[in-house]
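Contents: one structure, followed by commentary.
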Amino acid sequence: MSKRIYISKIQQRMFFLSFATAFIAAFTQTLAVLIDNIIVCAFYGETEIAAVTVAGPFFYILEIPAAGLAVGIQTVCAKDIGAGQVDKVNRLFNQLFFFIGAVMLALTVLSFLFTPQMAVMFGARGNTAVLLPLAEQYIYGLSFEIVPYVLFCIMTPVVILDDGGRLVSIASACGCITDIVLDLLSVRFGWGLFGIGVASSAAAAVYFLITMLHFVSQENVIKLHFVRMQFSELKDVFIASAPKAVLSLADTLRSVLFISLVSITGGVVGACVLSINGTIAYMVMIIAKGIAGAVGIMTGICWGEKNGDDLEGNGVLAHRYTLVAVICVVTVLLICARPLSYALTESDASAELLRFAIYLICLGTPFSILVQARISYLQAIEHVREAQWMGIASNLVILTVAALLYVVPFGVRGVFMAFSTAPILTLLVSLVIHRKRSGKAFPAGADYLELDDSFYTKPGDVISYPLESIEDCALASEQVVLFCRGHKIEDRKCFLAGVCFEELTTNSIEHGIKTSKGIKTADIRVVIDGGDVIIRLRDGGRAFNLKNFAERMERDDNSESGIGIKIIMNSVKNVSYYRTYGMNTTIIKI
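This is the structure we're talking about:
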């Protein structure tokens, strides 16, 4: 980039925590596939492994509402929280939760009624017709998870935004243990693939029930309660869900097509290797989804704040995380490719094909991560159509064309080659289109953000910096007053801005986060918007909701403490508060 980008310690910490929680959420959402494939590979033969592969599209179909709505509610809620509209977030989440719960219950009934037809449609026919009974058993067991899994996926981003990432992690761990234990019991007592599927459904129920505990506490900003349906408000959520839902639909179509191609060119051995390779690819994509999730959440918050500077900082952090992830993943896969290929297969032909597929995963990993992150970013900045077409191109169009071209000269190996080629070609096409649109042969890093000039606050209309001591608070308060007067803001607002600033920052420093050097810091951002002054304060101290504190002071009429807070609440236009990733954010409009 042409300019040096300042990234505060708090922003770095928030991005790391958003990556960690998004990684855990992505891990949970693919956990059923991973554990089932691992258990089946370890304790069953190639026929059962191939049957699990044939039933795989069930997960992709489930991802259409689950992942689509999760990304949609995350995108909209992150922007609304960044803009301080917490009440709107509550309304949207509760409407979506109860509406989708009813819809998923109806789909569960349909799944039980049409399981045999689904198994045939997914690929249990022709050369693989022998797999039909096993695929049916597995799908029957999985049908129980439709309601809890989809509702858990919807809750996850909202709970994370409401500082509930730790609870999501606990739910993931407990669900993982439940799935493993029940899978092993299924093997021990001979329950077959039906038992494996039921174990995944039980794990989804554990995820759901533990995450629901977040709404027991009355201290949280987001609360679960029944509200009147207003579909006009949900429209934005459904629009934001479209790219991910279409992407999941593309995954479903691609999965069915590729199972057919592999079955024709490689038979049961090819289907077995496709299942094992898919398990390894899932593990890699968890990292990609973690980075993409962090980009989506942090971009949404910055978009709501209209904070272009932090958006550029998030871009730098995303590329750093991608580099580290690629180095780690490729190193591990290259070292483990040979032993894994023999440990997870029953023949030399299967081992050789699997090893070839693992090497191709190494080739495509960096490009897959960048494509996923780009799609997530475009969706967060409301470039819905561009995100949608990029996802379709990567996961269906380019992938399918490449597979059909490669399968003729290379046979079943050509199908695996297409998985690595698709993200590379998608990224190249995206870069060419962007360069043509921008009119620059070599666009700067900021150009790829695709933000209008109106999005950026004029340099003279914003000040932001970290505070590390009480002395900094007093000095910065004077600077804020001078800053407001320099923009010809009326004296009353200038004085009030100084009072707000000093009162809040002093509290933040006293209870703020400790950096690695033992210094307590808080981030402050002051923006002049027309005749208004907007102050955003962010710190890592214990939860401090200004509204709740002011209400307690009002009830205690004789209290002389918190007089500064009372002045603030009685004088400003609006105060909003939210806490996410362990960070308090207070936004005051004067």
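Per the working numbering, numbering of the sequence shown is gapless, rising by one per residue and ending at 628. Where a beta carbon is used, it is the ideal one built from N, C-alpha and C, also for glycine.
Anticipated Cβ contact below 8 Å, residue i with residue j, distance rounded
i    : j    : result
G342 : D118 : 6 Å
S293 : P95  : 5 Å
C522 : V470 : That pair is no contact at about 46 Å.
V450 : L391 : 7 Å
G429 : A288 : 7 Å
A363 : I407 : 6 Å
I656 : G122 : Because the chain is modelled from 39 through 628, residue 656 falls outside the range shown and cannot be assessed.
L134 : L100 : Between L100 and L134 the Cβ distance is about 17 Å, and since that is not below 8 Å, they are no contact.
A209 : T249 : 5 Å
L169 : V92  : 5 Å
T543 : I562 : 6 Å
I73  : I215 : Wrong, their Cβ atoms sit about 10 Å apart, outside the cutoff.
Those residues which DSSP pairs with residue i across a bridge
i    : result
S614 : I625
P504 : D561
D577 : A560, N622
I527 : Beta-bridge pairing links I527 to no other residue.
D570 : D567
Neighbourhood of residue i by C-beta, 7 Å cutoff - its chain only, sequence neighbours within 5 removed
i    : result
A251 : The question names Ala, yet the displayed sequence has Leu at residue 251. If we look at L251 and ignore the five residues flanking it on each side, its Cβ neighbours are L205.
F137 : M267
I547 : L505, S507, I508, C511, K558, A560
V196 : I111, C115, F131, I260
V127 : C115, D118, I119, I260
Y359 : F57, I329
R393 : A375, R376, S379
N352 : F53, V333, M336, T337, C340
V192 : Checking the sequence shown, residue 192 turns out to be Ile, not Val. Result list for I192: L107, A108, I111, L134, F135, I138, in chain order.
S388 : V307, C310, V311
A395 : V311, N315, F454
V78  : E86, I87, V90, I234
For residue j and residue i, the rounded distance between their alpha carbons
i    : j    : result
L61  : I329 : Note on residue identity: the sequence assigns Phe, not Leu, to residue 61. Cα to Cα, the separation comes out at about 7 Å.
A332 : M323 : 14 Å
S56  : F65  : 14 Å
V565 : L361 : 34 Å
A535 : N545 : 16 Å
S432 : R423 : 14 Å
Y44  : S502 : 10 Å
K273 : V409 : 26 Å
A425 : D125 : 28 Å
V109 : R475 : 27 Å
A411 : R530 : 45 Å
A162 : Y619 : 45 Å
G230 : Y176 : 8 Å
I198 : F246 : 14 Å
F539 : S515 : 6 Å
K611 : K47  : 30 Å
M159 : F296 : 13 Å
T623 : E350 : 20 Å
V445 : R576 : 54 Å
N583 : F190 : 27 Å
F97  : S149 : 12 Å
S468 : G316 : 26 Å
M621 : Y615 : 11 Å
H525 : D348 : 23 Å
V90  : T113 : 33 Å
V225 : A241 : 17 Å
L355 : Q517 : 30 Å
T303 : T459 : 19 Å
M156 : H421 : 34 Å
R617 : G578 : 9 Å
L222 : I462 : 39 Å
Chain C within 7 Å of residue i, Cβ atoms only
i    : result
V450 : The chain inventory of the structure shown lacks chain C, comprising one protein chain alone.
Other residues of its chain near residue i: CB distance less than 8 Å, five sequence neighbours each side excluded
i    : result
V519 : C532, F533, A535, G536
T464 : F405, V409, M428, A431, S432, I436
I102 : A283, S286, L287, T290
R129 : V265, Q268, E271
M607 : L584, K585, A588, V613
Sequence-distant residues of its chain with Cβ nearer than 6 Å to residue i (five each side left out)
i    : result
G179 : F232, G235, V236
A88  : L169, V306, A309, C310
A105 : K282, S286
A326 : S406, I407, Q410
Count the CB pairs spanning the segment 181-192 and the segment 141-157 that are closer than 8 Å, and state whether there are at least three.
-> yes
Three CB pairs or more closer than 8 Å across the segment 196-203 and the segment 255-273 | The segment 196-203 makes contact with the segment 255-273: 3 or more CB pairs, one atom from each, lie closer than 8 Å.
Would you call the segment 267-284 and the segment 400-417 in contact, with 3 or more CB pairs under 8 Å?
-> Three or more Cβ pairs drawn from the segment 267-284 and the segment 400-417 lie within less than 8 Å of each other, which places the two stretches in contact.
Are the segment 352-372 and the segment 395-412 touching by the rule of at least three beta carbon pairs closer than 8 Å?
-> These segments touch.
Cβ pair count under 8 Å reaching 3, the segment 377-392 against the segment 309-316 = yes
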